[in-house]
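Residue numbers (the working numbering): 8 to 311. What follows is a single structure, written as structure tokens, with notes after it.
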Amino acid sequence: MTTAVKEPATTAAVAPVRKRRRLMPRWRDYGRPRELIVRYLLLLFVLGITVGPLLWQLLSSLKGVGEDVFGANASLFPRDPTLRAYREVFDQVPVWTYIRNSMVVVALSVTSQLVFSTLAGYMLSKPSWKGRKLVWVLLMASMMFPFESIMVSLFLSVRDLGLVDNLAGVWLPGFVAAINVLIMRAAFLAVPREIEDAAMLDGAGEWKRFRYLYLPSAWGAILVVTINTFISAWDDFLWPLIVLRTEDHFTLTLGLARLQSSSFGYDQRMVMAGSVISVIPVLVLFVITQRWFYKGVSSGAVKL
């Protein structure tokens with residue numbers, strides 16, 4: 008009896024054919040070409056709206072004396088770039104005094120916001136005490152009123168406390184904000200209850216659970232609160248204008264606004280230079296911390 012001898016299978020029949028990996032992405036990987044063009048045009052439009060004014064201020068501040076900032080003869084790029092406007096700003100107004108006052112207000116605001124918004128958000132994330140819903144409703148209701156509606160009553164309170172023309176009077180309305188409390192509450196709610204129960208079984212008290220369990224999981228939200236508080240305290244103009252009286256106590260935004268007065272000749276280049284000086288610290292802070300900022304925004308939006 009003869010047995011049929013099977014031929015060995017070829018390598019091509021056994022091993023699947025591997026496709027070559029495409030090194031360069033294809034157009035259809037990103038969508039249709041028309042949709043891609045529309046997407047980039049919208050991004051360029053938004054970029055022009057957001058970055059365009061700042062870029063225009065920077066270029067205008069670098070123009071010389073004979074170049075127009077406004078008008079039909081004004082050009083976008085300076086013909087002879089110079090730092091004369093920046094030197095005159097530092098010569099004519101005490102910029103470093105303004106920066107010091109602004110940093111004092113920012114430091115007080117950031118410290119109080121972090122301490123009290125973190126503690127309040129932690130307490131609001133706990134369901135085991137009465138009155139939590141009432142406090143939640145009051146916080147939400149306080150966000151419905153604009154600052155201008157309570158500005159007069161705030162000023163009367165600051166005046167009665169003797170804090171007019173004082174940096175503490177500028178800081179007091181920014182003691183703690185409801186939005187920051189809600190951000191920290193959302194970050195603490197994202198911590199699983201099972202982890203806290205396990206920590207309680209191990210004998211961890213309230214403070215240890217807050218210090219070693221909740222705070223490390225909320226660093227992103229803490230950074231969001233820090234950046235928001237820094238920007239709002241640094242850029243605030245209306246409230247320092249109402250409270251402060253003497254130049255030695257002016258913040259940076261309030262002091263640089265004096266460049267628009269007639270006593271300085273209203274040099275448009277100096278005004279642009281002052282605007283650029285005031286926005287540089289905010290840009291530097293955001294560029295350094297933007298990665299953690301976006302992570303904190305996404306993590307804080309898990310439970311709100």
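Glycine included, C-beta positions come from ideal geometry on N, C-alpha and C.
- Proximity to Val198 across Leu230, Ser132 and Ala240 peaks at Ser132, based on C-alpha coordinates.
- Sequence-distant Cβ neighbours of Leu115 in its own chain, meaning closer than 7 Å and more than five residues away, are Trp178.
- Between the stretch 186–197 and the stretch 121–135, the count of Cβ pairs shorter than 8 Å is three or higher; the stretches touch.
- Remark: fewer than three beta-carbon pairs, one from each stretch, lie closer than 8 Å, so the stretch 149–165 and the stretch 232–244 are not flagged as touching.
- For Gly128, the enclosing alpha helix (DSSP H) covers residues Val102 to Leu131.
- Proximity of the stretch 253–263 to the stretch 96–108 meets the contact definition, three or more beta-carbon pairs being nearer than 8 Å.
- Spanning the alpha carbons of Gln99 and Gly262 requires a straight line of approximately 11 Å.
- Ranked by Cα distance from Val72, the options Gln64, Arg86, Pro60 and Gly59 are led by Arg86.
- Residue environment: Val283 is assigned as buried (16 or more neighbouring CB atoms within 10 Å of its CB, all protein chains considered).
- With respect to Asp167, Val250 sits apart: the two C-beta atoms are not nearer than 8 Å.
- Contact annotation: Val112 and Phe237 have beta-carbon atoms that are not nearer than 8 Å.
- Out of Leu196, Arg216 and Leu43, the CA that lies nearest to the CA of Ala205 is found in Arg216.
- Under the three-state reduction of DSSP, Glu254 is assigned to helix.
- In the structure shown, Val171 falls within a coil segment according to DSSP collapsed to helix, strand and coil.
- For Gly227, the uninterrupted alpha helix (DSSP H) run begins and ends at Trp226 to Asp242, by DSSP.
- Taking all protein chains shown into account, Asp209 has fewer than 16 neighbouring C-beta atoms within 10 Å of its C-beta and is therefore exposed.
- Between the alpha carbons of Glu74 and Phe97 lies a gap of roughly 21 Å.
- At the C-beta level, Glu42 and Met277 stay beyond 8 Å of one another.
- Leu208 carries a helical assignment under DSSP once its states are collapsed to helix, strand and coil.
- Counted as a single uninterrupted DSSP element, the alpha helix (DSSP H) harbouring Leu51 occupies residues Pro40 to Ser68.
- The beta carbon of Leu161 sits closer than 6 Å to those of Pro180, all from its chain and outside the five residues before and after it, given in chain order.
- Contact between Met279 and Gln64 holds, with the beta-carbon distance rounding to 5 Å and staying under 8 Å.
- About 4 Å separates the beta carbons of Leu69 and Pro88, which is inside the 8 Å limit, making them a contact pair.
- Judged by DSSP secondary structure, Met191 falls within the alpha helix (DSSP H) whose first and last residues are Ala185 to Leu196.
- Shown here, Arg86 sits in coil according to DSSP, grouped into three states, outside any helix or strand.
- The beta carbons of Phe77 and Ser119 sit no closer together than 8 Å.
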